[in-house]
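Single-structure report; data block below.
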Amino acid sequence: MINVDPPTGNFASSGGSSTHNIVSESESRLAFKVKSSNNEHYRVRPVYGFIDAKGKAKLDINRLPGPPKEDKIVIQYAEVPAEETDPQAPFKAQAQQGEVIVKLVAA
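Taking this note's numbering, the leading residue of the sequence shown gets 2, the next gets one more, and so forth.
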């Protein structure tokens, strides 16, 4: 139901940043949550958010200096009603419907 463009993040081990678009293919509004395999060297913004039907959301990924390594972020998503105001709510209720993995490479 979602895609990420670009699907991979490439960084220098000395650090850097990358901007990605989370693109919804759904006819419904979605909430998303971003999880990282390496919270020591990566910062993502936003961690939670909404995407309108057939819409997109910007995701910023920052890599802090550290050893070269391959990591990943996982973007989980769930359908939400238009009146939902808390993007964390479906994940607290274990209502996740799918996920997309974005490979992160620091060389």
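Beta carbons: idealized from backbone N, C-alpha and C, even for Gly.
So, helix, strand or coil for K93, using DSSP? helix
In the DSSP assignment, what residue or residues form a beta bridge with H21? L60
Assign E71 to one of three DSSP states: helix, strand, or coil. strand
Going by beta carbon distance, what residues of the same chain come within less than 8 Å of D6, once the five residues before and after it are set aside? H21, N22 and V24
Quick check on Q98: does DSSP put it in helix, strand or coil? coil
Rounded to whole angstroms, what's the CA-CA distance from T86 to A107? Just pull it up for me. 35 Å
DSSP three-state assignment for N40, whether helix, strand or coil: coil
Only counting the same chain, and skipping five residues up and downstream in sequence, which positions put a Cβ closer than 8 Å to that of E71? K104, L105, V106 and A107
For R64 and I3, I'd like the C-alpha separation in whole angstroms. 23 Å
Do the CB positions of Q77 and K36 come within less than 8 Å of each other? yes
Along the chain, where does the beta strand (DSSP E) containing D6 start, and where does it finish? I3 to D6
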